[in-house]
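Student:
There are 2 protein chains.
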Amino acid sequence: MKASKKPTIAAESDRAIDIYTKAAEIFHEQGFDATSMSSIAAAVDLTKAGLYYYIESKEDLLHAIVNYAMEGLETRVIEPSRGIADPTERLKSIIERHARLLTEGNKAITILTDEVEALKPKHRKQILDRKRVYFDFVRDTLDELKRAGRLRDVNTTAATFSLFGSLLWLPRWYRPDGALTIDQIIQAITDIACGGLLVDGAN
Amino acid sequence: MKASKKPTIAAESDRAIDIYTKAAEIFHEQGFDATSMSSIAAAVDLTKAGLYYYIESKEDLLHAIVNYAMEGLETRVIEPSRGIADPTERLKSIIERHARLLTEGNKAITILTDEVEALKPKHRKQILDRKRVYFDFVRDTLDELKRAGRLRDVNTTAATFSLFGSLLWLPRWYRPDGALTIDQIIQAITDIACGGLLVDGAN
DNA sequence: GGATTTACTAACCGGACGGTCGGTAGAATT
DNA sequence: AATTCTACCGACCGTCCGGTTAGTAAATCC
Numbered sequence: 003m004k005a006s007k008k009p010t011i012a013a014e015s016d017r018a019i020d021i022y023t024k025a026a027e028i029f030h031e032q033g034f035d036a037t038s039m040s041s042i043a044a045a046v047d048l049t050k051a052g053l054y055y056y057i058e059s060k061e062d063l064l065h066a067i068v069n070y071a072m073e074g075l076e077t078r079v080i081e082p083s084r085g086i087a088d089p090t091e092r093l094k095s096i097i098e099r100h101a102r103l104l105t106e107g108n109k110a111i112t113i114l115t116d117e118v119e120a121l122k123p124k125h126r127k128q129i130l131d132r133k134r135v136y137f138d139f140v141r142d143t144l145d146e147l148k149r150a151g152r153l154r155d156v157n158t159t160a161a162t163f164s165l166f167g168s169l170l171w172l173p174r175w176y177r178p179d180g181a182l183t184i185d186q187i188i189q190a191i192t193d194i195a196c197g198g199l200l201v202d203g204a205n
Numbered sequence: 003m004k005a006s007k008k009p010t011i012a013a014e015s016d017r018a019i020d021i022y023t024k025a026a027e028i029f030h031e032q033g034f035d036a037t038s039m040s041s042i043a044a045a046v047d048l049t050k051a052g053l054y055y056y057i058e059s060k061e062d063l064l065h066a067i068v069n070y071a072m073e074g075l076e077t078r079v080i081e082p083s084r085g086i087a088d089p090t091e092r093l094k095s096i097i098e099r100h101a102r103l104l105t106e107g108n109k110a111i112t113i114l115t116d117e118v119e120a121l122k123p124k125h126r127k128q129i130l131d132r133k134r135v136y137f138d139f140v141r142d143t144l145d146e147l148k149r150a151g152r153l154r155d156v157n158t159t160a161a162t163f164s165l166f167g168s169l170l171w172l173p174r175w176y177r178p179d180g181a182l183t184i185d186q187i188i189q190a191i192t193d194i195a196c197g198g199l200l201v202d203g204a205n
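Here the protein sequences line up with chains A and B, keeping their order. Here this note's numbering is used: the first residue of the first sequence is 3, the next is one more, and so on. Here this note's numbering is used: the first residue of the second sequence is 3, the next is one more, and so on.
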């Protein structure tokens with residue numbers, strides 16, 4: 003006896019998760035629009051009709067993937083960092099956790115940044131709202147540092163976007179078999195961000 | 003008597019440039035794959051057949067746009083910055099010029115980062131090679147700072163990618179009518195980058 | 001052991017897509 | 001005045017796409 007009859011987004015069958023994972027990979031490689039449903043079906047050893055047994059539509063599949071990715075962001079980056087009292091440590095935790103999530107191989111997270119415009123307006127708004135919560139969380143951390151006199155004289159909105167840029171660019175250039183380890187990269191991004199944001203001797 | 007019979011990429015007719023500009027806007031809004039040739043044709047008051055009088059294929063159109071964008075990057079960011087002797091000033095020039103190019107309204111430059119994978123392998127390689135020259139130019143500047151003892155102990159490859167991330171993320175969030183002016187943003191990105199990269203008192 | 005449900009497939013559909021073709025009005029050339 | 005060239009258009013083509021339908025073998029339930 004497994005989960006309920008009406009599967010919420012978290013309680014899907016193994017096969018469905020398999021499909022999401024594979025679809026995320028292909029969307030990541032080829033882009034959402036350039037990917038055909040038949041090719042996804044073939045990648046999970048189904049016919050297109052068989053694939054449609056599990057999903058409602060192509061957009062529905064994308065939505066499921068993006069929701070899954072958003073949940074990963076929330077449980078693996080936001081929630082563990084929220085409890086950290088010291089804002090500098092909190093910031094470092096966000097950077098490290100987000101960087102690891104972006105590079106560990108699950109492609110769903112990259113679709114979260116690259117293919118959201120392909121969602122229908124209602125779904126897109128849902129995701130954008132949740133992203134906004136994350137953005138505010140990071141900016142609030144910078145604001146907290148500012149109030150404590152530990153931040154350089156820099157606009158926190160621009161600084162937050164700048165940091166996101168550094169992080170979200172990561173999956174586009176990081177190669178697991180490359181010269182740089184993920185720990186080295188996290189070190190570099192953290193050093194640059196903290197060095198550029200914090201007043202000297204505050205960290 | 004205008005240019006030659008075989009128009010090089012720089013010597014196109016006014017109408018062709020009009021088409022490239024409009025197409026770049028639509029590609030930017032909807033993505034390359036999601037954009038139909040008929041919709042581009044309609045946007046420039048042509049039928050699809052009329053549009054094909056000017057271009058060879060959809061990919062050819064993308065290639066022309068991306069080439070045009072690459073030329074802008076070279077003439078407006080790389081070349082003016084190359085002559086600057088002091089590496090810190092050179093770095094600041096790169097950041098400011100690139101940021102302005104990315105936000106001044108010409109959408110071709112954003113297609114240069116978002117739609118290169120839609121090019122055919124040969125064309126894609128051409129563009130990637132030219133991007134590589136830019137990357138090396140920036141990293142060489144950081145290496146020069148390092149040799150002069152003016153750079154913190156940070157990996158210059160990771161630092162260059164991190165900077166590119168901050169810059170290339172800009173067009174995704176910058177709003178010309180928003181609260182932050184482009185000068186404020188350039189200030190912030192420059193401050194963070196320099197503060198995070200340079201040893202104190204070196205700039 | 002019959003009925004129902006699960007997990008599919010082969011075949012198909014309407015439509016949109018990139019691209020082409022034959023033609024043509026009008027300007028420029030000879 | 002006849003010819004050629006430029007800048008298009010209407011109609012069309014084959015292909016592929018997202019999605020559907022009718023059916024079915026095997027497992028599950030009663």
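Cβ atoms here follow ideal geometry from the backbone N, Cα and C, with glycine treated the same way.
Write down every uninterrupted run of the beta strand (DSSP E) in the stretch 73-126 of chain A whose length is 3 residues or greater and which is fully enclosed by it, in chain order.
Tutor: Within the stretch 73-126 of chain A, no complete beta strand (DSSP E) run reaches 3 residues.
Student: Can you tell me which of B/S15, B/D142, B/C196, B/T112 puts its alpha carbon nearest to the alpha carbon of B/A87?
Tutor: The shortest Cα separation from B/A87 among B/S15, B/D142, B/C196, B/T112 belongs to B/D142.
Student: Could you tell me the boundaries of the alpha helix (DSSP H) in which A/Y55 lies?
Tutor: Segment 50-56, the alpha helix (DSSP H) holding A/Y55.
Student: How many angstroms separate the CA atom of A/L64 from the CA atom of B/L169?
Tutor: When rounded, the distance between both Cα atoms is 28 angstroms.
Student: Could you work out which residues of chain B lie near A/S164, taking near to mean beta carbons separated by less than 7 angstroms?
Tutor: Within chain B, the residues near A/S164 are S168, A190, I191, I194.
Student: Since A/V156 meets chain B, which of its residues come closer than 9 angstroms, beta carbon to beta carbon?
Tutor: Q189, A190, D193, I194, G197, listed in chain order.
Student: B/L147 and B/T162 - do their beta-carbons sit closer together than 8 angstroms?
Tutor: Going by C-beta atoms, B/T162 is not nearer than 8 angstroms to B/L147.
Student: Can you name the residues that DSSP bridges to B/L200?
Tutor: DSSP output for B/L200 lists B/L153 as bridge partner(s).
Student: Rounding to the nearest angstrom, what Cα-Cα distance links B/D16 and A/D193 in this structure?
Tutor: Their backbone Cα atoms lie some 48 angstroms apart in a straight line.
Student: May I ask which residues mark the beginning and end of the alpha helix (DSSP H) holding A/Y22?
Tutor: First-last of the alpha helix (DSSP H) with A/Y22: 16-32.
Student: Is B/D35 near B/A120, with beta carbons less than 8 angstroms apart?
Tutor: Result yes, Cβ atoms of B/D35 and B/A120 sit closer than 8 angstroms.
Student: For A/L200 and B/D202, what's the separation of their Cα atoms in angstroms?
Tutor: If you take the alpha carbons of A/L200 and B/D202, they lie about 12 angstroms apart.
Student: May I ask you to report which of helix, strand or coil DSSP gives B/S136?
Tutor: Before going on, a small fix: residue 136 of chain B reads as Tyr here, not Ser. Three-state result, B/Y136: helix.
Student: Could you pull out every residue in the same chain whose Cβ sits closer than 8 angstroms to the Cβ of A/Q189, ignoring the five residues on either side in sequence?
Tutor: No residues qualify anywhere along the chain.
Student: Quick check on the burial criterion: 16 or more other C-beta atoms within 10 angstroms. Buried or exposed for B/V68?
Tutor: Classification of B/V68: buried, given that the 10 Å Cβ count is 16 or more.
Student: Against chain B, does A/D131 count as a neighbour if the rule is that its beta carbon must be under 8 angstroms from one of theirs?
Tutor: False, the Cβ-Cβ gap to chain B never drops below 8 angstroms.
Student: Per the contact definition of three or more C-beta pairs closer than 8 angstroms, is the stretch 35-49 of chain B in contact with the stretch 104-114 of chain B?
Tutor: The stretch 104-114 of chain B vs the stretch 35-49 of chain B: no contact.
Student: Determine whether the Cβ of A/A26 lies closer than 8 angstroms to any Cβ atom of chain B.
Tutor: Judged by the 8 angstroms Cβ criterion, A/A26 is not in contact with chain B.
Student: Taking 8 angstroms as the threshold (C-beta atoms), are A/L53 and A/A43 in contact?
Tutor: Cβ atoms of A/A43 and A/L53: closer than 8 angstroms.
Student: Is the distance from the Cβ of B/G198 to the Cβ of A/G198 below 8 angstroms?
Tutor: Their beta carbons are under 8 angstroms apart, which means B/G198 touches A/G198 by this criterion.
Student: Give the straight-line distance between the Cα atoms of A/H125 and B/E31, rounded to the nearest whole angstrom.
Tutor: Whole-angstrom Cα-Cα distance: 18 angstroms.
Student: Quick test of your reading: A/T105 and A/I184, contact by CB under 8 angstroms. State the CB separation rounded to the nearest angstrom.
Tutor: At roughly 5 angstroms, the Cβ-Cβ gap stays under 8 angstroms, so A/T105 and A/I184 are in contact.
Student: Which stretch, first to last residue, makes up the alpha helix (DSSP H) that contains A/A161?
Tutor: Element bounds for A/A161: 158-175.
Student: Between B/E127 and B/A71, what straight-line distance do the alpha-carbon atoms span, to the nearest angstrom?
Tutor: Note that residue 127 of chain B corresponds to Lys in the displayed sequence, not to Glu. Cα to Cα, the separation comes out at about 15 angstroms.
Student: Can you name the start and end residues of the alpha helix (DSSP H) that B/A44 belongs to?
Tutor: Its alpha helix (DSSP H) spans residues 39-45.
Student: Give a yes or no on whether the minimum CB-CB distance between B/L182 and chain A is below 8 angstroms.
Tutor: By this cut-off, B/L182 is an interface position.
Student: When you compare each of B/R78, B/R152, B/A26, B/R174 to B/D62 by their alpha carbons, which one comes out closest?
Tutor: Out of B/R78, B/R152, B/A26, B/R174, B/A26 has the C-alpha closest to the C-alpha of B/D62.
Student: Spell out whether any CB of chain B is found under 8 angstroms from the CB atom of A/G33.
Tutor: Judged by the 8 angstroms Cβ criterion, A/G33 is in contact with chain B.
Student: Where does B/K8 sit, in a helix, a strand or coil, going by DSSP?
Tutor: Because B/K8 carries a pLDDT of 34, less than 50, the predicted location of this residue cannot be relied on, and no value is offered for it.
Student: Mapping the DSSP letters down to three states, classify B/T192 as helix, strand or coil.
Tutor: Helix at B/T192.
Student: Using a Cβ cut-off of 7 angstroms, pull out every chain A residue sitting near B/T159, in sequence order please.
Tutor: Simply L182.
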